[in-house]
Amino acid sequence: MKKILVFLLISILGLFLLTGCLVKEKIDDEKTVLSLSELREKILENKNIWNDYDSHETVYETEGIVAYQYTSNSDPTKNYIYIVDENGNGLKLTYLKAENHDSKYSIGDKIKVKGIPYYKTWNDPNVYELRMDIDNYGEITVVEKNVGVPLNKAELINSELSGGDFGNLVEFTGKYIGEDDFNNKEFSVINFELKIDSHSVLPDLTLNSTYTIKGVVGQNYGYRIFVSDETWVTLVATAEEQPQPTVEASTIAEIKNEIKENYDAGTDGWDSGDTSIVPLRKIENAIVVYDASDYGYVYAVSNDGTGIYVKISTDLNINLNEIISATGRPYYTERDATNSYFEYRFNTTRSDESATVTSSNGTIPWDKADVLTVNNLPGMNNFGNLVIFEGKYLGQDEYKHYDFDLDNDGQSDLKVIKYSSDAMNSAGIQVGNLYEIKGVIGYNYGFKVYVGDSSFVTAK
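For the sequence shown, position 72 (counting from the first letter as 1) is numbered 71 according to numbering that gives the first Met the number 0, and the numbering increases by one without interruption.
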């Protein structure tokens with residue numbers, strides 16, 4: 000009897016399955032091959048769920064044209080590619096290992112992309128990115144080389160950039176007004192300002208000249224535009240000759256005293272060199288002793304060894320030992336509020352500011368340098384100034400700074416900044432050997448010596 004009942008039950012279940020009366024689990028056959036514009040919409044629809052690269056596991060596929068790329072960093076979280084479709088709609092591809100992507104694609108190549116799409120935002124809900132994680136879950140293959148970026152589809156920008164512009168091709172016309180503290184180019188457009196990211200490929204720009212520029216909208220502490228080629232920039236109108244105000248020259252020591260007075264007083268605007276508050280000052284006959292002009296600054300000293308950090312345009316060609324004159328605004332950058340450590344700085348990058356090379360034959364006044372010892376270590380009294388010390392090289396610390404022992408007790412007393420690696424390596428320094436080192440005092444998580452050339456390093 001039991002066998003008959005089991006047989007009947009199985010038969011009834013089979014009948015239900017055949018007739019569709021029994022509810023079955025629905026198989027997810029969601030479409031995962033989407034156009035770029037469809038994928039953008041999909042990300043926005045799921046933004047509350049797809050809120051990080053590991054928030055889901057569905058791999059999607061799309062195609063796009065490489066409009067901008069940065070893929071050479073050893074840290075894959077720092078690498079990215081922007082792709083756009085034929086209408087200029089875009090997406091950011093993230094988590095790219097350099098070995099998989101560096102130099103594998105060119106601007107204008109059409110690629111097929113597989114990865115995890117997701118929505119990235121921060122504390123500000125109005126700032127977000129539409130992304131696709133690649134190397135954790137997906138892949139990139141080239142579909143066609145040299146298709147070309149559809150710059151004719153760039154959308155004309157008439158207002159501040161927003162999330163709806165992210166990843167897309169855009170175009171604007173504006174006046175170049177200078178650089179910010181991170182070497183991003185700033186433009187005045189109608190009644191708002193735009194930034195061109197410092198990693199962009201640009202021709203030499205002239206302050207107060209007007210340009211039409213095309214690029215892709217990205218995000219880095221706010222929306223900005225990334226430009227991949229100088230040909231995406233067109234000069235519209237050159238700057239009119241403006242009469243420059245007459246500014247009497249000040250010594251670097253006078254300017255540093257003025258900065259300190261305003262730091263101590265907490266004067267508004269002096270932490271940025273606000274053009275509406277801080278007066279123009281002029282420095283003449285300053286010698287470049289540390290050249291980081293590719294990164295937007297140099298250290299320059301007067302003939303008494305007193306020095307200062309000079310912020311310059313990255314378009315300006317300045318070299319070690321050259322003599323410069325600079326018109327700009329003094330300001331400070333706070334380094335350690337607890338100890339009242341701040342850096343003396345001088346900005347020359349805005350529209351009424353400038354820096355020029357007046358001679359290439361400067362002689363650094365090393366006879367005026369402060370001599371550093373264990374009893375006279377660097378501090379605010381010689382911040383920016385020339386220094387000399389003698390010490391035994393102990394090797395590099397965990398951050399790659401160079402440690403020196405000044406009193407032969409086996410302990411590090413002084414550090415040479417890791418950014419001096421070209422000079423230090425060219426000098427062939429060896430652990431355990433004694434050296435005389437010349438440089439200038441800067442700050443990077445503590446006072447450190449910046450060494451501008453291998454000739455500043457002498458074995459003893």
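We put the CB at the ideal spot given by N, CA and C, even for glycine.
Sequence-distant residues of its chain with Cβ nearer than 7 Å to residue i (five each side left out)
| i | result |
| --- | --- |
| GLY378 | PHE446 |
| VAL232 | LEU201, PRO202, TYR210, ILE212 and VAL226 |
| GLU24 | Residue confidence is low: GLU24 scores 30 on pLDDT, short of 50, so the model does not pin down where it sits. Its coordinate-derived value is still stated next. Cβ within range, chain order: n/a, list empty. |
| TYR331 | ILE258, TYR262, TRP269, ASP270, PHE341, GLU342, TYR343 and ARG344 |
| ARG39 | ASN88, LEU90 and LEU129 |
| ARG334 | TYR340, PHE341, GLU342 and TYR442 |
| LEU33 | LYS41, TYR59 and THR61 |
Contacting residues, own chain, Cβ-Cβ under 6 Å from residue i (five flanking each side not counted)
| i | result |
| --- | --- |
| VAL141 | ASP108 and ILE110 |
| LYS30 | none |
| LEU433 | LYS391 and LYS459 |
| ASP303 | LYS367 |
| SER324 | GLU283, THR355 and THR357 |
| ASN164 | A small fix is needed here, since residue 164 is Asp in this sequence, not Asn. Closer than 6 Å at Cβ, skipping near neighbours: VAL216. |
| SER199 | PHE225 and VAL226 |
N- and C-terminal bounds of the beta strand (DSSP E) containing residue i
| i | result |
| --- | --- |
| TYR136 | Run containing TYR136: none; DSSP gives neither H nor E here. |
| GLU170 | 168-178 |
| ILE440 | 433-442 |
| LEU204 | Per DSSP, LEU204 belongs to no beta strand (DSSP E) and is neither H nor E. |
| PHE446 | 446-449 |
| VAL188 | 184-188 |
One or two residues paired with residue i in a DSSP bridge
| i | result |
| --- | --- |
| VAL370 | ILE387 |
| ASP408 | DSSP lists no partner for ASP408. |
| GLY114 | TYR59 |
| GLN395 | TYR401 |
| TYR330 | ARG344 |
| ASN375 | THR372 |
| ILE224 | ILE195 and VAL216 |
| GLY89 | VAL83 |
| ASP335 | TYR340 |
| GLN429 | BP columns for GLN429 are empty, so no partner. |
| GLY306 | VAL300 |
| SER324 | THR355 |
Proximity below 8 Å, CB of residue i to CB of residue j
| i | j | result |
| --- | --- | --- |
| TYR81 | VAL188 | no |
| ASN384 | VAL300 | yes |
| GLY114 | ASP132 | yes |
| LYS310 | TRP365 | no |
| GLU321 | SER358 | yes |
| VAL415 | TYR398 | no |
| ARG223 | ASN190 | no |
| LYS194 | LEU168 | no |
| ILE106 | ASP196 | no |
For residue i, the three-state DSSP class (helix, strand or coil)
| i | result |
| --- | --- |
| ALA238 | coil |
| LEU38 | helix |
| LEU129 | strand |
| PHE455 | helix |
| SER292 | helix |
| GLY147 | coil |
| LYS417 | helix |
| THR362 | coil |
| LEU160 | coil |
| ASN50 | coil |
Residues near residue i by beta carbon distance below 8 Å, same chain, minus five either side
| i | result |
| --- | --- |
| LEU279 | PRO244, VAL246, THR326, GLY327, ARG328, ASP351 and GLU352 |
| GLN429 | TYR392 |
| SER292 | ILE311, THR313, LEU315, ASN316, ILE317 and ASN318 |
N-terminal and C-terminal residue of the alpha helix (DSSP H) that residue i is part of
| i | result |
| --- | --- |
| ASN346 | Taken as a continuous stretch (DSSP letters only), ASN346 belongs to no alpha helix (DSSP H), being part of the beta strand (DSSP E) at 340-346. |
| SER73 | Element bounds for SER73: n/a, residue is neither H nor E. |
| SER420 | 420-425 |
| GLU257 | 251-264 |
| ALA97 | 97-100 |
Beta carbon proximity, residue i to chain B, threshold 8 Å
| i | result |
| --- | --- |
| LYS144 | The structure shown contains no chain B; it holds only a single protein chain. |
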